[in-house]
Amino acid sequence: MSNVIVVGCGRVGSRLANMLSDNGSNVCVIDKRVEAFANLGRNFNGSTVQGVGFDEETLIKAGIEDCDVVAAVTQYDNTNLMVAEVASRLFDVPHVIARLYNPDHERAYMQLGIDYVCGTSLVAEDVFSKVVSGHGAHIETFGEFEVLRFSLNLSSTDKRTIRVGELERDHDIRIIAFERGDGSASSIPNRDSILYNGDSVLACVRHELIDSFSKYIQD
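If you want our numbering, it's the 1-based position in the sequence shown plus 35.
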């Protein structure tokens with residue numbers, strides 16, 4: 036059973052909170068407007084705290100010191116970013132997810148290592164999938180496989196580049212597509228394609244191999 040804080044109790048936040056609560060998580064919802072908690076409905080089985088989501092005292096009251104996941108899903112990118120930064124840097128929350136409205140900020144979120152969901156529809160479902168999968172890079176589950184999107188981390192290999200074929204062979208995965216870290220190019224690779232540290236990678240990984248492969252995923 037995981038402890039989850041949801042910041043923002045609008046349409047997305049209230050739906051996400053109820054989905055997580057129904058799935059067995061301990062959920063606390065933060066919103067600066069007390070009337071927003073009415074969106075949760077009568078059957079919500081978690082708790083609520085009125086306050087600003089990036090305020091340290093508010094987060095402590097919500098239980099962030101024993102928290103497994105923080106989901107910042109307000110309607111404001113700057114607020115969500117501040118919540119993510121406070122939760123990850125000050126409180127070392129293992130998994131922080133931020134809602135992203137403006138896709139122009141997507142590269143900045145990736146470079147900062149912030150897990151995010153971008154879009155206006157099915158956001159609650161997307162965040163729920165990330166929480167349940169237990170991995171920030173999660174995009175989708177297909178049977179025993181996970182589709183992941185992440186920034187490539189080669190620091191454990193003492194290399195700045197690696198061939199796609201080497202990565203696939205040694206870790207039994209499939210690289211679906213990649214984009215250069217500076218956004219200069221994107222491609223569907225072949226086995227001889229070269230990946231650089233910091234490249235954005237889309238990969239299909241067998242579920243039980245994610246832990247061993249996680250050293251290549253930038254935190």
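No residue lacks a Cβ here, since even glycine has one placed at the ideal position from N, Cα and C.
Query - Residues of its chain near tyrosine 111, where Cβ-Cβ distance is below 6 Å and the 5 sequence neighbours each way are ignored - result: none
Requested in this report: Identify, in the order they occur along the chain, each residue of the same chain with its Cβ nearer than 7 Å to the Cβ of serine 219, setting aside the five sequence neighbours on each side.
Outcome: none
Requested in this report: Could you tell me whether the Cβ atoms of glutamate 214 and serine 235 are closer together than 7 Å?
Outcome: Yes, the Cβ-Cβ distance between glutamate 214 and serine 235 is below 7 Å.
Report task. Taking only the alpha-carbon atoms, compute the straight-line gap between valine 105 and histidine 206 and give it to the nearest angstrom. Result -> 30 Å
Query raised in the report: Going straight from the alpha carbon of tyrosine 130 to that of methionine 54, what length do you get?
Result: The identity of residue 130 in the sequence shown is histidine, whereas the question assumes tyrosine. Cα to Cα, the separation comes out at about 18 Å.
Requested in this report: Starting from the C-beta of phenylalanine 185, find all residues in its chain whose C-beta is less than 7 Å away, skip the five residues before and the five after it, and write them out in chain order.
Outcome: Ala172, Val236, Ile252, Gln253
Query raised in the report: What three-state label does DSSP hand alanine 220 in the structure shown?
Result: Coil.
Query - Cutoff 6 Å; reference phenylalanine 126; Cβ partners in own chain excluding five residues on either side - result: Ile99
Query raised in the report: Going along the chain, which unbroken runs of the beta strand (DSSP E) with 3 or more residues stay wholly within the region 94-129?
Result: Within the region 94-129, the runs of beta strand (DSSP E) at least 3 residues long that lie entirely inside it are, in chain order, 104-107.
**Report entry** valine 62 - partner residues in DSSP beta bridges
**Finding:** Beta-bridge pairing links valine 62 to Val39.
Query raised in the report: Between leucine 146 and aspartate 103, what straight-line distance do the alpha-carbon atoms span, to the nearest angstrom?
Result: Leucine is not the amino acid found at residue 146; the sequence shown has glutamine there. Computed Cα separation, rounded: 22 Å.
**Report entry** Buried or exposed (CB count within 10 angstroms, at least 16 for buried), arginine 46
**Finding:** exposed
Query raised in the report: Buried or exposed: proline 224, going by 16 or more other Cβ atoms within 10 Å of its Cβ?
Result: buried
Requested in this report: Can you give me the Cβ contacts of valine 62 inside the same chain, cut-off strictly under 7 Å, excluding the 5 residues immediately before and after it?
Outcome: Val39, Val41, Ala52, Leu55, Ser56, Gly81
Query - Opening and closing residue of the alpha helix (DSSP H) in which leucine 202 lies - result: Here the alpha helix (DSSP H) through leucine 202 covers 199-206.
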